[in-house]
Each structure stands twice: as C-alpha cells, then as structure tokens.
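The structure under discussion appears below in the form of structure tokens.
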Amino acid sequence: MSTNVSPAMAGDTTHPHATNDVAIQLQGISKRFGAVRANHDIDLTVKRGTIHGIVGENGAGKSTLMSILYGFYQADSGEILINGERKKIRSSKEAIACGIGMVHQHFMLVDTFTVLENIMLGAETHSLIEPSANDARGALQALSDNYQLSLDIDAMTGKLPVGEQQRCEILKALYRKAEILILDEPTGVLTPQEADQLFKVLDALRKQGVTVILITHKLREIMDITDSVSVLRRGEMVAHLKTSDTNSQELAELMVGRELQVQDFRRKTPLPAGTENGIEVVDLSLRDAQGKLRLDKVSLQVKRGEILGIAGVAGNGQSKLLEVLSGITSPDSGTVVINGHTITADKPINPRQLREYKVNHVPEDRLKLGLVKAFTAAESSVLGYLHQEKFSWRGLLQLSTIKNLCKKLMENFDVRPGNPNLKSASFSGGNQQKLILARELEKKPEVLLIGQPTRGVDIGAIELIHQRIVAMRDTGCAVLLVSVELDEIMALSDRIIVMFEGRVVGELNGADADKATLGLMMANAHESDAA
Amino acid sequence: MPDWLLAIFNVLDDALLPTMDATLRVSTPLILCAMAGLFSERSGIVDISLEGKMLAAAFAAGSVAAVSGSPVLSLLAAIMVSVSLAMVHGFASITHRGDQVVSGLAINVLASGLTVVLGIAWFRQGGQTPSLDSSARFMPIDLPFVEAAQSIPFFGRLYSEVLSGHNLLVYVGFAAVWLTWWVVYRTRFGLRLRAVGENPLAVDTAGLSVGKLRFSALVICGLLCGIAGTYLAIAQNAAFVKDMTAGQGYIALAALIFGKWRPLAALLACLMFGFLDAIAIRLQGVNVDFSLSLFGNVWPIKGEVPVQLIQSLPYVLTVVLLAGFIGRAIAPAAIGVPFSKER
Numbered sequence: 059m060s061t062n063v064s065p066a067m068a069g070d071t072t073h074p075h076a077t078n079d080v081a082i083q084l085q086g087i088s089k090r091f092g093a094v095r096a097n098h099d100i101d102l103t104v105k106r107g108t109i110h111g112i113v114g115e116n117g118a119g120k121s122t123l124m125s126i127l128y129g130f131y132q133a134d135s136g137e138i139l140i141n142g143e144r145k146k147i148r149s150s151k152e153a154i155a156c157g158i159g160m161v162h163q164h165f166m167l168v169d170t171f172t173v174l175e176n177i178m179l180g181a182e183t184h185s186l187i188e189p190s191a192n193d194a195r196g197a198l199q200a201l202s203d204n205y206q207l208s209l210d211i212d213a214m215t216g217k218l219p220v221g222e223q224q225r226c227e228i229l230k231a232l233y234r235k236a237e238i239l240i241l242d243e244p245t246g247v248l249t250p251q252e253a254d255q256l257f258k259v260l261d262a263l264r265k266q267g268v269t270v271i272l273i274t275h276k277l278r279e280i281m282d283i284t285d286s287v288s289v290l291r292r293g294e295m296v297a298h299l300k301t302s303d304t305n306s307q308e309l310a311e312l313m314v315g316r317e318l319q320v321q322d323f324r325r326k327t328p329l330p331a332g333t334e335n336g337i338e339v340v341d342l343s344l345r346d347a348q349g350k351l352r353l354d355k356v357s358l359q360v361k362r363g364e365i366l367g368i369a370g371v372a373g374n375g376q377s378k379l380l381e382v383l384s385g386i387t388s389p390d391s392g393t394v395v396i397n398g399h400t401i402t403a404d405k406p407i408n409p410r411q412l413r414e415y416k417v418n419h420v421p422e423d424r425l426k427l428g429l430v431k432a433f434t435a436a437e438s439s440v441l442g443y444l445h446q447e448k449f450s451w452r453g454l455l456q457l458s459t460i461k462n463l464c465k466k467l468m469e470n471f472d473v474r475p476g477n478p479n480l481k482s483a484s485f486s487g488g489n490q491q492k493l494i495l496a497r498e499l500e501k502k503p504e505v506l507l508i509g510q511p512t513r514g515v516d517i518g519a520i521e522l523i524h525q526r527i528v529a530m531r532d533t534g535c536a537v538l539l540v541s542v543e544l545d546e547i548m549a550l551s552d553r554i555i556v557m558f559e560g561r562v563v564g565e566l567n568g569a570d571a572d573k574a575t576l577g578l579m580m581a582n583a584h585e586s587d588a589a
Numbered sequence: 123m124p125d126w127l128l129a130i131f132n133v134l135d136d137a138l139l140p141t142m143d144a145t146l147r148v149s150t151p152l153i154l155c156a157m158a159g160l161f162s163e164r165s166g167i168v169d170i171s172l173e174g175k176m177l178a179a180a181f182a183a184g185s186v187a188a189v190s191g192s193p194v195l196s197l198l199a200a201i202m203v204s205v206s207l208a209m210v211h212g213f214a215s216i217t218h219r220g221d222q223v224v225s226g227l228a229i230n231v232l233a234s235g236l237t238v239v240l241g242i243a244w245f246r247q248g249g250q251t252p253s254l255d256s257s258a259r260f261m262p263i264d265l266p267f268v269e270a271a272q273s274i275p276f277f278g279r280l281y282s283e284v285l286s287g288h289n290l291l292v293y294v295g296f297a298a299v300w301l302t303w304w305v306v307y308r309t310r311f312g313l314r315l316r317a318v319g320e321n322p323l324a325v326d327t328a329g330l331s332v333g334k335l336r337f338s339a340l341v342i343c344g345l346l347c348g349i350a351g352t353y354l355a356i357a358q359n360a361a362f363v364k365d366m367t368a369g370q371g372y373i374a375l376a377a378l379i380f381g382k383w384r385p386l387a388a389l390l391a392c393l394m395f396g397f398l399d400a401i402a403i404r405l406q407g408v409n410v411d412f413s414l415s416l417f418g419n420v421w422p423i424k425g426e427v428p429v430q431l432i433q434s435l436p437y438v439l440t441v442v443l444l445a446g447f448i449g450r451a452i453a454p455a456a457i458g459v460p461f462s463k464e465r
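Going down the list, the protein sequences come from chains H and S. 59 is the number of the first residue of the first sequence in this note's numbering; add one for each residue after it. 123 is the number of the first residue of the second sequence in this note's numbering; add one for each residue after it.
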C-alpha cells in the first residue's frame, strides 16, 4: 500500500479561523531528540465533542506528540491552537489552564493518599486541607452524577483496582475543568469488562461535549468507540480517517507501512492420541512471603507439540506459575513433571539445571529477568549460559565467540540494529524481546515457557515472534504461553486455561474461545452460569 | 496523703525528676533536627547533612554571639548559615540531580573542617569560640506559678523542676513538633509535600513544580537545623566547641526513621534517645556493689558503671529495633531519587 496521506479529513478544515467546532488544531509540529526525529511536520484537527483515536506502533511518536500537547516537551516548530486560539504550552500547569487533562498510561497517583486527596492535589481551593476537601467533595459529587463515574473517594488509592484508579485519574482531570481529555493506552491494564465500563464513561463524556483523544495500539478499540482516527508512522502522520470509512486491516497496514497477512496459528490437525506430556502439573500450591496463597492446587498438562495459553488479569498467579515452572521459586506442595524431570517441595530445582534439561524460559519482564540494561547486546545474549566452556574458558570470557554468536542470533531473528556492541537498553522493546527469544530458542528447547512475549512490542515484531513460537511448537516442543493480551492467547493457543486468584477457573479449546467467555472467566463470573 | 505515697513521690522526685529534666535538655537538638529531616525527607530528599548544618549553625551562633553579644542576632546568623548549606544541598541534588547522600556527606565534611579552620583563624582558641556571658546566651526562663507549684508533691515539682526552667529554644523545639504536624497534615503545603516525596511525577502532572516544593522543604529544614545548632552553642553550652554535634544529627535521623517519618512518633523516639543519654550522664562515675544471682550462680557486680555501654544504647537500639521489632519503616516512596521528567 502506498503512503496514504489524506490531510485533515476529520476536521475538514485547515483554516485557522473557521474553528468554532474545532477543539484542537496542531499545525506542523516537529520535535527531534538528538538524531531521532520523533515528530515531523504533524497536522491534526480534532472536532469538539468527538472521540479521536491516534494509532501507531511503539516509537511512532504518539507519546511524544501528546507530551507536547500536555506541556512535557516543547515542539521545535509548529503551532498549537486550542479552541481556535494560538497557545504556548510550556508545562502541565499551562496545559491544565487550556482545559487539557491527561490520563497517563502509568497513573500519576500518590498511592498513600485517598482518592479525594489525589484529586485535589494541585487544585486545592484553600491553603488548608479541610476546606479544600469540603469544596472538592461537593464538586466531585456533581461530576460523578453527571458522568456515571462512581468511586469511593475516601478509599486509599493504592488499594483500589486499576480500573478505579483510572477513574480517579479521569475525575482528577474533570475536576480541573478539562474539556479535552487525552488517554494514553488506557486499556492496557484493564479486564475486558473494565474496558467496557471505561468506554461507557468516555461515551458519556462525549455526549456532554468533552473532546477525547484516545492513544492506543489496539485497533479493535479504535473501531469500537472513536469517531475519527489518525495514524502515525515513524514520526509522521500518514492518514486522517473517519472511523466509519476504514477497518482494522487498513489501519494495521497504515501503521506498519506494508501488507500484513492475517494468520490463524492454531493447529489444523489434532495431536495423535498417545502424545506424551511435556509439562504435567498436579495440585501445585505456593504461598508468598506474606503467607498469601498465590497458587491454589493448580493442575494442568501441556502435550508435546501443543501451545497452552494461560489467560487472566495480571496478578492472578500466572507469573508465580512461570516462576515455579522455570525453577526460580520452589513450590510449597504439589508435583511438577517437566520434560520428564520431577520437581516437588522436597526436590527443588534451579533454573540452570532446567536449562540443561532443555526447558527454556522467556521471562515476562524482559528488563528485570531477561537482560541487563547496562550490558551490551552480546553480553545479554549469553546470560544464563556463561558457565558453558565456549563462552568462558577457565573464567575468562571468550569475547569474540560471544560476539559472533550474538551476531548470528541477531541475523536469525531480525534484531535491529544488528550491532552486538550496543547497550541492551538502547534497543527498542521489540528488538530486546527478539534478542531474548533468539537466545532461548536457539538452544532448541523441548519445553518452552514464555511470558508476555509481545508486551510493548510493535506489530511488525509481533508477527515474527508469533511465527517463531509456532515454529517451535511444530517441531514438537511443548509451549506454555502466559499473556494478558487476549488476542494473542486466542491467535496462538491450541488450548486455553484461565487463572483467577491462583486457581484454574476454566479451560477451553482454542477453536471454541471467544472474548466474552474468556472475559467472564477472567473475572470468575462464569461459574454461576455453568452451575 | 498517706506516708507511703509520699515516700514513693520522694523517691521519684529525687531520681526521676532530674533525669527527666536532663532528658528534655539533651533531646531538644534531636527533636529540632528530626523535624528538619522530616521536612526534607518527606519531600523526597535524603538528608544526612543534618549533622553538618547543625554544626555550622552552632559555629555561626557561637561566633556571632562572641562578637555581638546578642543571642537573637546569633540565632539569625545560625539560621542563615544552615539554610545556605541546605540550598547547596538543594542545588546539587535538586537542580543538578546529584546523589543526595554524596551531597549530604560533602556538607558534613565541609562543616566539620571549615568550622575548625575559621574558628582558629578568627578566635585563636584551638577551634573553639570564646566563652559567652549569660547576656549573650538563651538563659533559662521560669514558667508562671512555679513558686506555688513547688509545694505540690510530684506533679507540682514535675511542673516546676522538669517543665519549667529551660531556655526558650527548648520550648521552641516542642512547639516545632506540633507545628510540623499541623503543617504536614493540615495544610495544602503539607499535602503537596507528602505527595512530592511519594510520587513527584504526579505532582508535576498536577501542574505543580517539584523543584520549588523540594527547595521550600529544604529551607524549612535549614531553619530548624539552624535553631538546633544555636541551641547547642549558646543555650545548652556557652561556646562553640570543635565537633560539638558529636553525631546527634545522625541520631536525629535514626529517630526520624524510627518514628516512620511521623512527627509525634519521631518526637517519642528523640525523647527515648535523650532519656538514655540523660541516664548515661547521671550514672557517670557512680559505683555499684551488689550480687546478681542468675541460673544458680551468684555474680558479683562491682565497680564503676560502664557509661560507654549506655551511651552506645541508642545506636544498638536503632539497629536492633529497626531490624524487626517495630515493623518495617516504609520510607516515602520517591526518597533519594532525583526527579527527571524524561521517561
């Protein structure tokens, strides 16, 4: 597909004067960070009272653009018009004064404060807390009635579920009289049900004349709720479209700049009856240091040549399961047989032994467990294997071997830039992930444990990662996949189990799974129907 | 009143009251410093330079009092010096996002060296400032009705002997605790102060300046350290003596952590440390001679009380109690991390 530039369809006007119904207009915004061109000559027009989506891959410049609008960064050139007036936005304070509110991807809340304290922070009406709080209480009551945003404002913020924390952020913006609300990847941390609720709120806001900008990489959300959408690619606006005139496929291709194949990765033919298990878990339980039960009698099997997807809202035991299976944590009770080797509480195992047993692990948090940010790519590419003689002979690093291997990994997995001497931190998330995947898959595992393989990874890289995982399965590897992305789970898994509060609450065949059922299982709300 | 009760009161009067009196005196600089540290650390700036600021302030107070003879002028000078050092700390750790511990340590080393060098250069008394007349010092003041209260056993004497008869700065120290509590928990500034120590990004996106808030906190920190230093040089003592803070800034910091960064709990911790110190002072040179029977053995205990042992108690207690007995002290979440907008 060609670079489809169709300027400003959404606003239908680029004249700065005829702007009565235009809330935001950006003209020729450019921003460089050193040699990187984060935003280049960006135009954007957003009509008042609409929901406008901005999509783009990671690093396409979405966040930079919104940071410019919210006063975090200054544009090198270009103009910002709010309600038709030229504005200079140099700080959050000035953005707030322009009526702009922002709900950040990582919430900007003080966990030890109550919701009320968080909301009034910085917008107190009085120099003492109590009168300010009383004023805020009244105003919030009116706001939550208006927009169906119910929330216990005296609750401790850090203890609320993320959906409610997000509502607190929205209220915070509205309390500051925001007429333009920017949401940065708002559904990344929500269950499908929480996301639906959020969209109801956004819809109510739209009806009241609030302008919403929704930044996301989830095209389904764009299609569901936005009125118009702009696509960013490598710092440039490549399209402004009416949502009703486009579809997910077109948007995805605009984002990536090339055609994408729609693939169904699930097994076409069932496994033969007697296929042995690569992983067999029986009644596995685990308590954390605080004594809280994190895994509660989990049982599951993964056959060789099968991908088992584990769905669930983050924090319901999936991470702990991965930790136990990969030998990082020892179980309290239960048995794990992994690639023919038994692990119990009395007979723990460590990750290195497991690697020798051809069990490889691509951890969920690549920056914490996958690589060392300050190491070069070459150093990160041998983490966990340094004891092997070819990498360290009598304690001396075999630098050229390590570098050559890293180079080979980078070629095989299309890691860019392909330079083993660069610091791990300077690669994009997708390329870091590809490097880790390359390191583990190159060992030809018989059992593969993989957590959040595409978190923060762009579409192009997702395609490659998915293909490689499926290729492993096709060679007979048993794959256990943990992901909070339902689309990913559904695209890859031959079988899906759902975890809730450390228990397995449901199991589905990959072919039978749909989002609604999985969503209910993830909230453990399906049982009443089943019973 | 029955005789036995009177007897108990008499014992308390003789043993406890003087110790309590001494406790208040030695606790005052700890309390002022702990409150100073509370402002700084609640805003997210680690402050190990309480010690250095207090020392420099003490020297400033001693010097100005020796030259001018005015305690108020000395207090102002001490506060000025201490606030200036706090601003140096702020410049390094807020403006330039330097390491807060390194900056604090630098201030401590600077204060320890510079006070002696300047002291020798100006007064030629081996680093000490000249001894002061009482007119140049903060002298004890009697609270009202002291005469009348004297005759009431225990409670009356508690009032007249323990609470009354301190210099103004002791009362300022206690007022500072209440004021700190009020500012931190009741005012808009306090709300913002607590927020900036927990999540500065939240403060920034709420349209407030993280730097301004942290600098304001450091100004208050400097002010309180200045009062503490003044107390040491021209209220509790009559001259500045080389290294006269003797680690009290660190003890105050320990008390602050002990009190989980809360004013009243920190006050209690300071009083406990002060009490141990007061006991150590009272037991100095006391001889004991008795036997202790334990596990069927009789242990003769005889000789001078090892004061060093009691003096080391605050430190030992800090380590032992912080290691688990009082529960984990959860620091402000953003403490020690320089704020940067870049993500």
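All C-beta atoms in this analysis are idealised placements derived from N, C-alpha and C, irrespective of residue type, glycine included.
Item                                                                                                                                                                    : Value
Please list, in chain order, the chain S residues whose beta carbon lies closer than 8 Å to that of V247 (chain H).                                                     : Per Cβ cutoff of 8 Å: no residues; V247 (chain H) is ~17 Å from chain S at best.
Return helix, strand or coil for W383 (chain S), following the three-state DSSP convention.                                                                             : coil
How many angstroms separate the CA atom of I147 (chain H) from the CA atom of L578 (chain H)?                                                                           : 43 Å
L389 (chain S) to A200 (chain S), Cα distance in whole Å?                                                                                                               : 23 Å
Leaving out the 5 sequence neighbours to the left and right, which residues in its chain are closer than 8 Å to T301 (chain H) when beta-carbon positions are compared? : G111, I280, M281, T284, D285, S286, V287
Have a look at K405 (chain H) and Q411 (chain H) and give me their C-alpha separation to the nearest angstrom.                                                          : 12 Å
Could you tell me whether the segment 126-143 of chain S touches the segment 278-289 of chain S, where touching means 3 or more Cβ pairs closer than 8 Å?               : yes
Counting only Cβ pairs nearer than 9 Å, list the residues of chain H close to V325 (chain S).                                                                           : M166, V168, L179, G180
Contact check, V430 (chain H) vs L441 (chain H) under 8 Å by CB: the rounded distance?                                                                                  : 7 Å
Taking only three categories from DSSP, how would you classify T214 (chain S)?                                                                                          : The question names Thr, but residue 214 (chain S) is Ala in the sequence shown. Looking at A214 (chain S) - three-state DSSP - the assignment turns out to be helix.
Rounding to the nearest angstrom, what Cα-Cα distance links E237 (chain H) and D572 (chain H) in this structure?                                                        : 37 Å
What does E175 (chain H) touch in chain S if you count any residue whose Cβ is under 9 Å from its own?                                                                  : L313, R316, A317
Please name the residue or residues paired with S415 (chain S) in a DSSP beta bridge.                                                                                   : S:V420
Quick one: which unbroken alpha helix (DSSP H) runs of 4-plus residues sit fully inside the segment 175-248 of chain H? Chain order, please.                            : 187-205, 220-233
Among H:V161, H:R144, H:L248, H:T245, which residue has its Cα nearest to the Cα of V80 (chain H)?                                                                      : H:R144
Less than 7 Å between C-beta atoms, sequence neighbours within five positions excluded: which residues of the same chain meet that for V332 (chain S)?                  : V318, P322, V325, D326, F461
Check whether chain S comes within 9 Å of F449 (chain H), counting only Cβ atoms and requiring the distance to be less than that.                                       : no
Cβ of N582 (chain H) less than 9 Å from any chain S Cβ?                                                                                                                 : no
Using the Cα positions of E137 (chain H) and I452 (chain S), report the straight-line distance between them to the nearest angstrom.                                    : 46 Å
Could you work out which residues of chain H lie near N467 (chain S), taking near to mean beta carbons separated by less than 8 Å?                                      : This structure leaves residue 467 (chain S) out entirely; chain S is present only between 123 and 465.
Using a beta-carbon distance cut-off of less than 9 Å, what residues from the segment 299-311 of chain S approach chain H?                                              : Y307, R308, T309, R310, F311
Since K463 (chain S) meets chain H, which of its residues come closer than 8 Å, beta carbon to beta carbon?                                                             : F130
Can you tell me the Cβ-Cβ gap for A178 (chain S) and T237 (chain S), rounded? I've got them flagged as a contact below 8 Å.                                             : 6 Å
In the DSSP assignment, what residue or residues form a beta bridge with F245 (chain S)?                                                                                : None, per the DSSP bridge assignment.
By the three-class DSSP mapping on this structure, what secondary structure does N489 (chain H) have?                                                                   : helix
Quick one: which unbroken alpha helix (DSSP H) runs of 4-plus residues sit fully inside the segment 406-450 of chain H? Chain order, please.                            : 409-414, 435-438
According to the Cβ coordinates, are G93 (chain S) and F181 (chain S) closer than 9 Å?                                                                                  : Absent from the model: residue 93 (chain S). The displayed extent of chain S is 123 to 465, so no value can be given.
What would DSSP say about A455 (chain S), mapped onto helix, strand or coil?                                                                                            : coil
So with Cβ pairs under 9 Å, would you call A153 (chain H) a contact of chain S?                                                                                         : yes
Suppose you measure from the CA of I457 (chain S) to the CA of V205 (chain S); what does that come to, to the nearest Å?                                                : 20 Å
Below 9 Å on C-beta distance, what does L330 (chain S) contact in chain H?                                                                                              : S150, K151, L179, G180
Looking at G385 (chain H): is its Cβ nearer than 9 Å to the Cβ of D341 (chain H)?                                                                                       : no
Output, in chain order, the set of chain S residues within a Cβ distance shorter than 9 Å of H162 (chain H).                                                            : L323, T327
Does the beta-carbon of A456 (chain S), which I'm using as the reference point, lie nearer than 8 Å to any heavy atom of the ligand ATP?                                : In the structure on display, the ligand ATP does not appear, and there are no ligands present to speak of.
How would you label W451 (chain H), buried or exposed, when you count the other beta carbons within 10 angstroms and need 16 or more for buried?                        : exposed
Could you have a look at G250 (chain S) and say whether DSSP puts it in helix, strand or coil?                                                                          : Note that residue 250 (chain S) is Gln in the sequence shown here, rather than Gly. Residue state, collapsed to three classes: coil.
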